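Everything below concerns the one structure shown next.
In my numbering, the protein residues as written are 156 to 252.
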């Protein structure tokens, strides 16, 4: 049995489609890492990595990341607002019922 590639027409060298690994969630993560690392560098703290940011944001849906981006961008202190919004303990009510 011949491989499928033998039946396909040849593709010129420069026209091979390239796979893009850019996704909207990754772009949002890069946005947060860039802004947080800027503030952390001023405070003398180590930089956040993309893997650490992925772990921090893993339970947050992408549509909520857009909300987080808009809220943090409007805030006076980006870093403080980000960490306050991400912490689930800050958003619990004493007696919701």
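From the three backbone atoms N, C-alpha and C, an ideal C-beta is built for every residue, glycine too.
In this text, all values refer to a predicted model and were calculated from it rather than measured experimentally.
Own chain, CB closer than 7 Å to residue i, minus 5 neighbours either side, in chain order
i: residue 226; result: 236 and 240
i: residue 219; result: none
i: residue 211; result: 241
Contact check, residue i vs residue j, beta carbons under 8 Å
i: residue 233; j: residue 190; result: yes
i: residue 156; j: residue 188; result: no
Beta-carbon contacts of residue i that lie in its chain and below 6 Å, excluding the five residues immediately before and after
i: residue 180; result: 217
Close beta carbons around residue i, own chain, < 8 Å, minus the five adjacent residues each side
i: residue 186; result: 224
i: residue 221; result: 183
Cα-Cα separation between residue i and residue j, rounded to whole angstroms
i: residue 165; j: residue 205; result: 39 Å
i: residue 195; j: residue 159; result: 52 Å
i: residue 170; j: residue 162; result: 18 Å
task: Starting from the N-terminal side, write out each stretch of the alpha helix (DSSP H) that is 4 residues or longer and does not extend beyond the segment 169-227.
output: 179-198 and 205-211
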